[in-house]
Amino acid sequence: MGLGQSKNTSINDSNKFDTNIKPDTKFVTNKTERRKKFRSLSALTLSRGNGNNEIWNFSNGKRFHHNSLRISKISDTIIDEERLQRRHQLFKRIWQTNFSAPVDETLTAGGARVLEIGSYQSSMFTGVDKMPLFPQEKKPENAKFLQANVLNGLPFLDDTFDFVYMGLLVTAFTAIEWEKVIPEIVRVTKQGGWIEFMESDFQYYNEGPTTARLTDSCIQDYDFREFVVMSKIIIKKFVYGAVKLFMKSKGIIGPLDLYILKTMETNERIDKNIKTDERSCFVGKWAGELGQLAVEDITKGWITVKSPMSKLMKIKSREYDEIIATFAKEVEQHKTYFKNWRFFGQKIVATSASNITTPSWYQ
Numbered sequence: 001m002g003l004g005q006s007k008n009t010s011i012n013d014s015n016k017f018d019t020n021i022k023p024d025t026k027f028v029t030n031k032t033e034r035r036k037k038f039r040s041l042s043a044l045t046l047s048r049g050n051g052n053n054e055i056w057n058f059s060n061g062k063r064f065h066h067n068s069l070r071i072s073k074i075s076d077t078i079i080d081e082e083r084l085q086r087r088h089q090l091f092k093r094i095w096q097t098n099f100s101a102p103v104d105e106t107l108t109a110g111g112a113r114v115l116e117i118g119s120y121q122s123s124m125f126t127g128v129d130k131m132p133l134f135p136q137e138k139k140p141e142n143a144k145f146l147q148a149n150v151l152n153g154l155p156f157l158d159d160t161f162d163f164v165y166m167g168l169l170v171t172a173f174t175a176i177e178w179e180k181v182i183p184e185i186v187r188v189t190k191q192g193g194w195i196e197f198m199e200s201d202f203q204y205y206n207e208g209p210t211t212a213r214l215t216d217s218c219i220q221d222y223d224f225r226e227f228v229v230m231s232k233i234i235i236k237k238f239v240y241g242a243v244k245l246f247m248k249s250k251g252i253i254g255p256l257d258l259y260i261l262k263t264m265e266t267n268e269r270i271d272k273n274i275k276t277d278e279r280s281c282f283v284g285k286w287a288g289e290l291g292q293l294a295v296e297d298i299t300k301g302w303i304t305v306k307s308p309m310s311k312l313m314k315i316k317s318r319e320y321d322e323i324i325a326t327f328a329k330e331v332e333q334h335k336t337y338f339k340n341w342r343f344f345g346q347k348i349v350a351t352s353a354s355n356i357t358t359p360s361w362y363q
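Those letters in the sequence shown? Residues 1 to 363, by the UniProt record's numbering.
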């Protein structure tokens, strides 16, 4: 959905707030202290982010985080903190809840927590992102943010969290990297705990020519030397837009919903009874308040990447503004919409301790 998808993470912990915790820091000084601290955390959320250093840009009185993730020229831009909050509200409105996994009873009983901090006061949240995007003001007392890269291993013991939630990260990793991400997420989830992914389709439905032009331009600078041509299938996918080619360039073959489901099914520690839920979000004022919220969010996303996009499209700033204005009108005419999915499954209870792995940094 749009560009620069990222989800602001929320974390709850009564311990001291820290924005840069890594496996090799004092945070993991000895096994006893680590076990006490980590066991107090029960819910984990991960989101798309970037960078190891806190680099902020300011524009028109607003603070932005510089995103150095080199997925494309489009990603080398800025993320508006306010937009992250708006996006959270957008998806909450789409689903009418923060999660779909059946963990509400556990969260209410205490010892676990979800994104809506106020709803489960006795549970604890931990959020992980590569960028320090945790709010600097109005920080919940029971929330903690850890700046870490899941590809390097999460700084938690095995079987730490009752619930692990990961959102809008499908394009942050290649297919090979996903083979590392899934097992790591499963590792830190308690046996019998739940794992949930939320992702949006990168295809607009009922899109007009301007929308197609924007999405096609997003991946013009990608290197497709490793792209495998598959005759009729590729031709059909190409018609749907270049974003599909972008997914294939990362090794993600097939529709997004089937890909995520397959990656979960191939993990032997996740119960095969994986649930899938789908929502469609209409874009535009024609769809009411939610549609207006969606078009505003997407439009502001296009505006955020104005500089790199106009260069990619080889057009002047004024022409780009006109294209974005046309996009906002076009979704009204074509009744454009996009799809959003949630996939959730339960970690299998191991029959023996030999099935449990320990991260290398802990040994």
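Positions of the beta carbon are idealized from the N, C-alpha and C atoms, including for glycine.
Query: Cβ neighbour criterion (16 or more within 10 Å) applied to Q346; Result: buried
Query: Reference I260, options I94, T189 and M198, closest by Cα; Result: M198
Query: Nearest neighbour of A175, chosen from E322, Q333 and M264 [CA to CA]; Result: M264
Query: Short Cβ contact (8 Å threshold) for N206 with K339; Result: no
Query: Proximity below 8 Å, CB of T299 to CB of I324; Result: yes
Query: Residue closest to residue 366, alpha-carbon to alpha-carbon, out of R342, E278 and G192; Result: One cannot answer for residue 366 here, as it falls past the ends of the chain, which runs 1 to 363.
Query: Reference L90, options I182, E289 and T266, closest by Cα; Result: E289
Query: Cβ-Cβ separation, V186 to I274 (assumed contact under 8 Å), whole Å; Result: With 8 Å as the limit, I274 and V186 do not qualify as a contact, their Cβ atoms being about 12 Å apart.
Query: Touching by the beta-carbon criterion (3+ pairs, under 8 Å), the region 158-174 and the region 311-318; Result: no
Query: CB contact flag (A101, W194, <8 Å); Result: yes
Query: Cβ-based burial, E196 [other Cβ within 10 Å; buried from 16]; Result: buried
Query: CB contact below 8 Å: L214 versus chain D; Result: This model lacks chain D altogether; it includes just one protein chain.
Query: Three-state secondary structure (DSSP) of D162; Result: strand
Query: Cβ-Cβ distance between L151 and T126 below 8 Å; Result: no
Query: Cβ-Cβ distance between I94 and R342 below 8 Å; Result: no
Query: Selected residue, minimal CA-CA separation from residue 445, among H88, F344, K92 and G208; Result: Any question about residue 445 goes unanswered here, given that the chain covers just 1 to 363.
Query: C-alpha gap between T210 and D104, whole angstroms; Result: 42 Å
Query: Own chain partners of L44 with C-beta closer than 6 Å, once the 5 adjacent residues on each side are dropped; Result: T126, F161 and V164
Query: Cα-Cα separation between W286 and K329, rounded to whole angstroms; Result: 10 Å
Query: Alpha-carbon spacing of T189 relative to E177, whole angstroms; Result: 19 Å
Query: Extent of the continuous beta strand (DSSP E) to which W194 belongs; Result: T189 to S200
Query: Contacting residues, own chain, Cβ-Cβ under 8 Å from Y320 (five flanking each side not counted); Result: K306, M309, S310 and M313
Query: Distance CB(I182)-CB(N98) smaller than 8 Å; Result: no
Query: Exposed unless 16 or more other CB atoms sit within 10 angstroms - verdict on V331; Result: buried
Query: For K180, the nearest candidate out of D201, G153 and L157 (CA to CA); Result: G153
Query: Reference E184; option with closest CA among C281, Q203 and D159; Result: D159
Query: L258, buried or exposed, once every other Cβ within 10 Å from all chains shown has been counted against 16; Result: exposed
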